[in-house]
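In the working numbering, the protein residues as written are 911 to 990.
The C-beta atom is built at its ideal place from N, Cα and C for all residues, glycine as well.
Below is one structure, written out as structure tokens; comments come after it.
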């Protein structure tokens, strides 16, 4: 990893910007209406594909199927 520093993440994003609205999830992946998702990316390494951030979303149901990435989640509130 090119940048081994510790990154402090806040559940609601940085104090100066908070979480910002992200693009809509493609409806072909959803069983419910489009949710509103917000987030903040704290770290992204294009070489390794590692991305670290905070994400929040209104309730939704997605269609099950192949998932193209490995993902680790720590749920702060709600359910998956």
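- Item | Same chain, Cβ closer than 7 Å to residue 932, five either side skipped, listed in chain order | 947, 948, 949
- Query: What residues in its chain sit with their C-beta under 6 Å from that of residue 954, if we drop five residues either side in the sequence?
  - Reply: 961
- Query: Hey, quick one: how far does the beta strand (DSSP E) through residue 948 stretch, first residue to last?
  - Reply: 947-955
- Report the three-state DSSP secondary structure of residue 981 (helix, strand or coil). coil
- For residue 885, which of helix, strand or coil comes out of DSSP? The chain is shown from 911 up to 990; residue 885 falls before or after that span and cannot be answered.
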